[in-house]
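Going by this note's numbering, 185 is the number at position 185 of the sequence shown; the sequence numbering is gapless.
So the structure is just underneath, and the comments pick up after that.
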Amino acid sequence: MDGLLYDIMIAVGMGLIGAVVFAGIGLISGTDETTTLAPITLLVVLLGVPPVGVFTFWLAGAVSKHMTHAVPTALLGIPGDTMAVPLLQQATIARNLGLPHIALRKMISGGLIAALIAVPLSVLFALALAPFGQSITASAPWLFLAAAVLIAYFSAGRWGAVVALVPFVLLILALQTYTAKFGVKLGVSYFLGIAIGPLVADLFSVMSPVERRKMARSGHRQFSLAPDVKSWGGWFPNPFRVLDRSQIGWTLGTAAVSSATFVFSPVAMTVIMGEVVGSRVKHAYHRLTSM
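This is the structure in structure tokens:
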């Protein structure tokens, strides 16, 4: 019993530390989860923390970071990390309409509800697929190829996106083959590039006279915020009161589907789930706050 109590205390303590540390990191724009979670978790391992503490530290860090990255995304229009890139369009529209605070509250509420569903379901799916690990590993390249084609086809570009996969895949394979000669892998760089891509694109756009004129500002930009209506009781927002019934249903459904496809790209699954929800919600405001 003493050993179990010790493990529980380590798990809870490291979980709280991971949540606090990565909640702060998530507030910094462009901090990719791969480039922050991996090295800090490795540091925890090297410090000799028991496995149960390492697991809760990593899990709490991942969940908290993916919630707080909504702050720079919703309020500033700058992606918190790669997972926030698909949210930029809706976040920008909400900010222009004076709804960034409402969008932020719904984003964090949806993330909290999804985490309660996704974490246990992911463990269950992993346990169910474990006996078929060798078969899945053997067919993994074809599964990823099929997933990439499906994701590209269901995007806004349709067949154009599918065709664009060919040069993109060739470029990635060429870079991997070249860097492999030096024992270097650029996987982390690719994910970081997704997060800072919009910022780099804006820097290059400044070189164009046409785009530079569009970016020119004569004064400070002003925003008008919509009235804030409190729909819950107590000090802290209740996620089940912030979201309406249909939004809670969509959150639960997309979290369950995403948990079953945890081996695929999380960014791609975010795009697909967002497109599915957006195509079925007709009201403009409801669609904006649901996607």
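Here a beta-carbon is modelled for each residue, glycine too, at the ideal position from N, C-alpha and C.
Treat the numbers as computed from the prediction; the structure is a model and nothing was measured.
Neighbourhood of residue i by C-beta distance below 8 Å, restricted to the same chain and skipping five residues each side
i      : result
ALA94  : ALA74, PRO100, ILE102, ALA103, LEU288, THR289
LEU243 : LYS106, SER109, GLY110, ILE113, THR251
TRP316 : Here the chain comprises residues numbered 1 to 291, so residue 316 is not present and cannot be evaluated.
LEU175 : LEU186
LEU165 : ALA148, VAL149, ALA152
Proximity winner among the options, relative to residue i (alpha-carbon distances)
i      : options                        : result
GLN247 : ARG105, LEU150, GLY80          : ARG105
VAL52  : THR251, GLY3, SER139, ILE172   : GLY3
GLY61  : VAL267, GLY26, VAL45, GLY160   : GLY26
THR254 : LEU186, PHE144, GLY111         : GLY111
ASP32  : GLY80, VAL54, PHE132, GLY183   : GLY80
PRO72  : TYR153, THR92, PHE144          : THR92
GLY249 : MET269, VAL277, VAL271, LEU203 : VAL277
THR82  : VAL229, ALA201, THR35          : THR35
PHE125 : MET269, GLY24, THR261, VAL281  : THR261
SER29  : TYR6, ALA174, HIS66            : HIS66
VAL162 : LEU150, SER279, LEU173         : LEU150
Assigned secondary structure, residue i (DSSP; H/G/I helix, E/B strand, else coil)
i      : result
TRP250 : helix
LYS106 : helix
HIS286 : helix
PRO100 : helix
VAL277 : helix
ASP7   : helix
GLY219 : coil
LEU121 : helix
6 Å Cβ shell around residue i - same chain, five flanking residues per side excluded
i      : result
MET1   : Any reading at MET1 must be qualified, since the residue scores a pLDDT of 49, below 50, and its modelled position is unreliable; the value itself is stated next. Closer than 6 Å at Cβ, skipping near neighbours: no residue.
SER64  : ALA19, PHE22, ALA23
MET273 : THR254
Same chain, Cβ closer than 7 Å to residue i, neighbours up to 5 away in sequence not counted
i      : result
TYR178 : none
HIS220 : none
Checklist line | Contained alpha helix (DSSP H) runs [length at least 4] in the segment 27-86, N- to C-terminal order | finding: Within the segment 27-86, the complete alpha helix (DSSP H) segments at least 4 residues long are 33-46, 51-68, 70-76, listed from N- to C-terminus.
Would you list, in sequence order, the uninterrupted alpha helix (DSSP H) runs of no fewer than 4 residues that lie entirely inside the segment 145-209? 159-180, 187-205
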